[in-house]
Amino acid sequence: GNSVTQMEGPVTLSEEAFLTINCTYTATGYPSLFWYVQYPGEGLQLLLKATKADDKGSNKGFEATYRKETTSFHLEKGSVQVSDSAVYFCALSTGDSNYQLIWGAGTKLIIKP
Amino acid sequence: GAGVSQSPSNKVTEKGKDVELRCDPISGHTALYWYRQSLGQGLEFLIYFQGNSAPDKSGLPSDRFSAERTGGSVSTLTIQRTQQEDSAVYLCASSFMTSGYNEQFFGPGTRLTVL
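Chains as they are written, first to last, in the working numbering: chain B, 143 to 255; chain E, 2 to 116.
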C-alpha cells in the first residue's frame, strides 16, 4: 500500500544552519508529493508541492525535489531561522483518490538562536 | 471567516460519553475532510464530503464514529460511547473540488481527551 516515512525528530539546529528533513515514500502509480508545516498553535498549511518526477517545489527558502529513482522528497533549507521552528509533515496523494493525503508521522524542528 | 474554524478547541470527556466536534469550512469550499492525529503519529484520514454527501467513509475507525454535513457548509463529527483510544487531535480541512489535486486548508483542530 501507499506510505510515507520521514525522519524522526526532534531535529535541533542552530540559527543559520543547513536543514535536511528526509522523506521517502511507497506508492503505486505516480503520486503528487507535499510538505506541510504546523507552526505552534496554528493549523497545518501547505509549504510546497511537486506533482511529477524531477519537479522542485519551493517556498519561503525551503526546497524539495521529487526523486522517482530514490522515491524521495527531502526538504532542505540553506539557512534556518528561529521562526522556522515547527512540525513538518511529508505527504502524498495518488491519482486514484486525489483528495486523500497519506501522511508521514511529522518531524519537529527546533531552531536555537 | 477567513479560514477553517473548529470547536471546541479542547474537549475532555469521560469514557462512554458521546461527543460532537464541529467544523466550519472556508466559504465556497465544496469539499471537507476529517483527519485524526494521535500523539507521535501522522494524520489518519477519517472521512471526506463532497457537498453534503460522503463518497468515502472508509477511514472511520468503527461504527461509533459518524459525520454529517448540512447545507454544504458546517460539518459535525460525532463519536458515541467514547473510549480512551479515541483521545487525539481531530483536524478538519476544506478545499475546492476541481480535477486534480486541490490544496486542503486546515483548521486548528479539536484536542479530545477521554478519561
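All C-beta atoms in this analysis are idealised placements derived from N, C-alpha and C, irrespective of residue type, glycine included.
Pairwise C-alpha distance: residue 57(E) and residue 76(E): Counting from 1 along the second sequence, the entry for residue 76(E) is found at position 75. Counting from 1 along the second sequence, the entry for residue 57(E) is found at position 56. In this model, residue 76(E) and residue 57(E) are separated by some 15 Å (Cα to Cα).
Note down the Cα distance separating residue 230(B) from residue 9(E), rounded to an integer number of angstroms. In the first sequence, the residue the question calls residue 230(B) occupies position 88. In the second sequence, the residue the question calls residue 9(E) occupies position 8. So the two alpha carbons sit approximately 25 Å from each other.
Cutting at 7 Å between CB atoms, please list the residues of its own chain near residue 187(B), excluding the five before and the five after it. Counting from one through the first sequence, the residue named residue 187(B) turns up at place 45. Excluding sequence neighbours, residue 187(B) sits near 178, 179.
Out of 148(B), 144(B), 156(B), state which residue places its alpha-carbon closest to the alpha-carbon of residue 223(B). Walking along the first sequence from the start, residue 223(B) turns up at place 81. Comparing Cα positions, the closest option is 156(B).
Using DSSP's beta-bridge definition, name the partner residues of residue 21(E). For the purposes of this step, residue 21(E) is taken as the residue at position 20 of the second sequence. Answer by DSSP bridge pairing, in chain order: 79(E).
Any chain B beta carbon closer than 8 Å to residue 5(E): Counting from one through the second sequence, the residue named residue 5(E) turns up at place 4. For residue 5(E), the answer is yes, since a Cβ of chain B falls inside 8 Å of its Cβ.
Chain B partners of residue 104(E), CB-CB under 7 Å? The count along the second sequence starts at 1 and reaches residue 104(E) at position 103. Near residue 104(E) (Cβ distances below 7 Å), the residues of chain B are 188.
Closest by C-alpha distance to residue 83(E), when choosing among 13(E), 17(E), 7(E), 6(E): As a first step, residue 83(E) is located in the second sequence; it is residue number 82 there, counting from the start. Residue 83(E) has its Cα closest to that of 17(E), out of 13(E), 17(E), 7(E), 6(E).
Cβ contact (3+ pairs, closer than 8 Å) linking the region 187-199 of chain B and the region 242-253 of chain B: no
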